[in-house]
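Residues in the sequence shown are numbered from 4 upward in steps of one, following this note's numbering. Glycine included, C-beta positions come from ideal geometry on N, C-alpha and C.
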Amino acid sequence: MHVDHLLQTGTVGLVDTPEAEPLLRELKANYDGRLDFILNTHHHWDHTGGNKEIKAATHCKIIGPRRDGEIDGIDKAVGEGDEFKFGDLTVKVVDLPGHTKGHVGYHFPEANVFFCGDTLFVLGCGRMFEGTKDQFWSTLQKIRNLPKDTVMFCAHEYSQSNAKFARFIDPTNECLKEASEVIDAMRKRGEPTVPSMLVDELNCNPFLRVDNEAIQKRAAELTGTEAVSLSDVFAQVRLLKDSF
4 MHVDHLLQTG TVGLVDTPEA EPLLRELKAN YDGRLDFILN THHHWDHTGG
54 NKEIKAATHC KIIGPRRDGE IDGIDKAVGE GDEFKFGDLT VKVVDLPGHT
104 KGHVGYHFPE ANVFFCGDTL FVLGCGRMFE GTKDQFWSTL QKIRNLPKDT
154 VMFCAHEYSQ SNAKFARFID PTNECLKEAS EVIDAMRKRG EPTVPSMLVD
204 ELNCNPFLRV DNEAIQKRAA ELTGTEAVSL SDVFAQVRLL KDSF
C-alpha cells in the first residue's frame with residue numbers, strides 16, 4: 004500500500020513489502036524511486052519479503068513491531084502507545100496481538116485511516132497463528148472502539164470468500180446480504196473491495212459481532228460447544244471459518 008498516494012503527505016511510504024521487484028517498479032514510475040518509510044505490521048514473509056532489497060535500493064527507514072518475530076532491516080521498533088510523524092501527520096501505533104504475538108497496526112487519526120495488516124479483513128479476520136483467543140478478542144475490541152468513520156486498510160483481498168462464510172454464520176443479517184452483493188459486483192468489475200469503512204464492518208463482520216445473540220446461538224449449534232465468554236464465541240467462529 005502506497006501511503007503517500009492515499010494521504011498526499013509528501014512523504015512516501017509502503018505498508019508491508021510482499022516482494023521487492025513490483026514495488027520498486029512502482030516507486031520508480033511514480034516517485035522517481037524515492038521511498039521514505041516501510042511500515043511493517045508483522046513478521047510473516049508476505050509482509051516483509053521485500054524489505055532487504057527495497058531498503059538497499061532506496062535507503063528508506065523501516066519501522067516495525069517491537070514484540071514480533073525477526074524482521075529484516077528494522078531501524079525503529081515500535082509498540083502500543085508509540086507515535087511518530089509521517090509528513091505532517093501523526094501515526095499512532097496500536098498493538099494487535101492474535102494473528103501473530105506482536106502484530107501492530109498504524110493509525111493515522113487526522114486522516115481517519117487505520118492500517119490493520121492481517122488482523123481484520125473485509126468481513127473477516129486473520130487466522131490465529133500465534134496469539135490466544137483472549138488476546139485476539141481484546142484486539143478486536145480495540146478496533147471496535149475506533150471512530151466509526153475510520154477507513155480500514157487490510158492486507159489481502161479475501162472479501163468474497165469472507166462474505167460467503169459471514170452469510171453462513173449470520174444468515175439473517177440483511178445488511179450483510181447487501182454488502183455481499185456489492186462485493187460480488189465490485190469483483191466482477193475487477194475493482195478492489197479494500198479499504199472498507201469500520202461502520203460497515205461493525206454491522207456485517209461476524210468477528211466483530213460475537214456479542215450478537217443470533218451468531219452466538221448458531222456458533223454453539225454448529226460447533227456443539229458452549230461458550231462462557233465472548234472470547235469463546237470468537238474462538239468458535241474462528242474455528243468454523245478455518246474449516247469452511
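Practice problem: Going by DSSP, name the residue or residues bridged to ASP98. | Solution: VAL107
Exercise. Just grab the DSSP bridge partners of GLU194 for me.
Key: Answer is none; GLU194 lacks a bridge partner.
Quiz item: Taking the C-alpha atoms as reference points, what is the distance between GLU29 and GLN163?
Solution: 27 Å
Quiz item: Along the chain, which unbroken stretches of the beta strand (DSSP E) at least 3 residues long are found entirely within the stretch 107 to 191?
Solution: 107 to 111, 116 to 120, 154 to 157
Exercise. Could you tell me whether the stretch 132 to 151 touches the stretch 229 to 238, using the rule of 3 or more Cβ pairs below 8 Å?
Key: yes
Quiz item: DSSP three-state call for LEU17: helix, strand or coil?
Solution: Strand at LEU17.
Practice problem: Using the Cα positions of LYS180 and PHE171, report the straight-line distance between them to the nearest angstrom. | Solution: 11 Å
Quiz prompt | Helix, strand or coil at LEU38 [DSSP, three-state] | solution = coil
Exercise. May I ask you to verify whether the stretch 70 to 77 touches the stretch 108 to 126, counting CB pairs closer than 8 Å and requiring at least 3?
Key: no
Quiz item: Just curious, the alpha helix (DSSP H) that VAL240 is in, first and last residue?
Solution: Unbroken alpha helix (DSSP H) run through VAL240: 233 to 245.
Self-check item: Beta-carbon proximity of ALA114 to LEU99, cut-off 8 Å
Solution: In this structure, ALA114 keeps its C-beta atom at 8 Å or more from the C-beta atom of LEU99.
Exercise. Look at HIS50 and PRO68 and say whether their C-beta atoms are less than 8 Å apart.
Key: no
Quiz item: Just curious, the alpha helix (DSSP H) that ILE218 is in, first and last residue?
Solution: 216 to 226
Quiz item: Since GLU86 is in the beta strand (DSSP E), which residue starts that stretch and which ends it?
Solution: 86 to 89
Quiz item: Should ASN208 go down as buried or exposed, given a rule of 16 or more other Cβ atoms within 10 Å for buried?
Solution: buried
Practice problem: Could you check how far apart the C-beta atoms of LEU42 and VAL18 are, in whole angstroms? I think they sit under 8 Å. | Solution: That pair is a contact at about 5 Å.
Quiz item: Leaving out five residues before and five after LYS151 in sequence, what residues of the same chain have Cβ atoms less than 6 Å from its Cβ?
Solution: LEU201, VAL202
Quiz item: Between the C-alpha atoms of ARG130 and GLY90, what's the straight-line distance to the nearest angstrom?
Solution: 33 Å
Practice problem: Going by CA-CA distance only, name the one from GLU184, ARG221, SER199 that's closest to PRO174. | Solution: ARG221
Quiz item: Hey, out of GLU194, VAL125, HIS102, whose CA is closest to LYS136's CA?
Solution: HIS102
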